[in-house]
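S.K.: Have a look at the structure that comes next, please.
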Amino acid sequence: MFAKLSRPVPSINFRTVTCFRKPRQLNKYYNIIARANCSASSSFLCDKNVIFVAGLGDIGLDTSKELLKRDLKNLVILDRVDKPELVCELKELNPKVKVTFMPYDVTVPLAESKKLLKKIFDKLKCVDILINGAGILDDHKIEATIAVNYTGLVNTTTAIMDFWDIRKGGPGGILCNIGSVTGFNAITQVPVYSGSKAAVVNFTRSLAKLAHITGVTAYTVNPGITRTSLVAKFNSWLDVEPDVAELLLEHPTQSTKECAASFVKAIEKNKNGGLWFLDQGTLENITWKKYWDPCI
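Quick look at the structure:
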């Protein structure tokens, strides 16, 4: 099913890139000086400004904790539910990192997403990485699944392009979208969820190939079955398998901490077009065979 891509897109490290002189040429850029408090041997994430959508969820919370170990400059968490006790816990983990919470529902109109991001950019001046992590798993809720898992992710991504797109004078940026292994191979009993994650994978792969135009690189992290509240109990499409959650959990799974560790490793690798497979504590970059090419 998977084979080497015929034309891989190289990774771009935005710590050393400020702009592209010509949108269709990746090789014409120059270096910027890394911030003084980050040594050459330090983490790629050191002193970065990161926005994490759904950074208080099951996988999100453990990933936020893992990110804080890398001495970010700012971690801005956007989440639908305000959980002040968790935000306080994150702040105490690494006082050197400024952790900010802002309420955000990814299903709001695009204009509302732009307003929120403008507030963030006005305050921070720059954002290095956006992590899109909102998701639900319930094939009884068809419209909500598509709205949260796909439409919301697309709108948040589209909104940040106003600030990142080099054609608008932006500096570029790094986009990390949370997909799922079901974006590769569906869980047939939950085709709505699986379809939404396949859409995320293809949307993100397309953005990665547009990096030479927009200056924004992109990749997906795709967890295998992880022991979260999402998979503890969920509904199958038309109730084709009432015990789908129980059946899945009979097979090997991973903890949220294992998933988070692999998640942050993928971010540190910063591979444009990366299709990261996170399962049972392992990290692998998947290559997908190309069956058709639009040739444009």
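Last residue of the sequence shown: 296 in UniProt numbering, with the numbers rising by one and none dropped.
Using N, Cα and C, we set each Cβ at its ideal position, and we do this for glycine too.
The structure presented is a predicted model; accordingly, all values stated were derived computationally and were not measured.
#1: Between the C-alpha atoms of Asn94 and Lys73, what's the straight-line distance to the nearest angstrom?
#2: Of the choices Gly152, Gly179 and Leu275, whose alpha-carbon is the least far from that of Pro109?
#3: Please state whether DSSP places Pro223 in a helix, a strand or coil.
#4: Apart from the five residues just before and just after Ala36, which ones in its own chain have a Cβ nearer than 7 angstroms to its Cβ?
#5: Suppose the cutoff is 6 angstroms on Cβ atoms and the five residues either side in sequence are ignored; what does the same chain contact list for Gly179 look like?
#6: Nearest by alpha-carbon distance to Ile286: which of Asp243, Arg205 and Cys126 is it?
#7: Taking just the CA atoms, how far does Ala245 sit from Ala218?
#8: The beta strand (DSSP E) with Glu284 in it runs from where to where?
#9: Going by beta carbon distance, what residues of the same chain come within less than 6 angstroms of Lys101, once the five residues before and after it are set aside?
#10: Taking Cys126 as the reference, which of Ser64, Val50, Glu258 and Thr158 has the closest Cα?
#11: Give me the Cα-Cα distance between Leu278 and Asn155, rounded to the nearest whole angstrom.
#12: Closer than 6 angstroms by C-beta to Leu207: which residues in its own chain qualify, once you throw out the five before and the five after it? Chain order, please.
#13: Identify whether Val201 lies in helix, strand or coil by the three-state DSSP scheme.
#14: Quick one: Cα of Gly224 to Cα of Ile296, how far?
M.R.: Result, derived from the coordinates:
#1: Indexing the sequence shown from 1 puts residue 94 at position 94. Indexing the sequence shown from 1 puts residue 73 at position 73. Using only the alpha carbons, I get a separation of about 11 angstroms.
#2: Locating residue 109 in the sequence shown gives position 109, counting from the first residue. Of the listed residues, the one whose Cα sits closest to Pro109 is Gly152.
#3: In the sequence shown, the residue the question calls residue 223 occupies position 223. Residue state, collapsed to three classes: strand.
#4: Counting from 1 along the sequence shown, the entry for residue 36 is found at position 36. Confidence in Ala36 is poor, its pLDDT being 37 and thus under 50, which makes the residue's placement too unreliable to answer from.
#5: Working through the sequence shown from its first residue, we reach residue 179 at position 179. Excluding residues within five positions, the ones whose Cβ falls inside 6 angstroms are Lys197, Val200, Val201, Thr220 and Asn222.
#6: Position 286 of the sequence shown, counted from the first residue, corresponds to residue 286. The shortest Cα separation from Ile286 among Asp243, Arg205 and Cys126 belongs to Arg205.
#7: Your numbering for residue 218 matches position 218 in the sequence shown. Your numbering for residue 245 matches position 245 in the sequence shown. Computed Cα separation, rounded: 31 angstroms.
#8: What you label residue 284 is simply residue 284 of the sequence shown in a count that begins at 1. Its beta strand (DSSP E) spans residues Thr282 to Asn285.
#9: Position 101 of the sequence shown, counting from 1, holds the residue named residue 101. At residue 101 the sequence reads Phe, which differs from the Lys that was named. Answer for Phe101: Ile77 and Val87, listed in chain order.
#10: Taking the first residue of the sequence shown as position 1, residue 126 is located at position 126. That would be Val50, whose Cα lies nearest to the Cα of Cys126.
#11: The sequence position of residue 278 within the sequence shown is 278, counting from 1. The sequence position of residue 155 within the sequence shown is 155, counting from 1. Rounded to the nearest angstrom, the two C-alpha atoms are 25 angstroms apart.
#12: Numbered from its first residue, the sequence shown carries residue 207 at position 207. So the list reads Ala218, once near-sequence residues are dropped.
#13: Sequence index remark: in the sequence shown, residue 201 carries index 201 (1-based). Residue state, collapsed to three classes: helix.
#14: What you label residue 224 is simply residue 224 of the sequence shown in a count that begins at 1. What you label residue 296 is simply residue 296 of the sequence shown in a count that begins at 1. Their Cα atoms are separated by approximately 33 angstroms.
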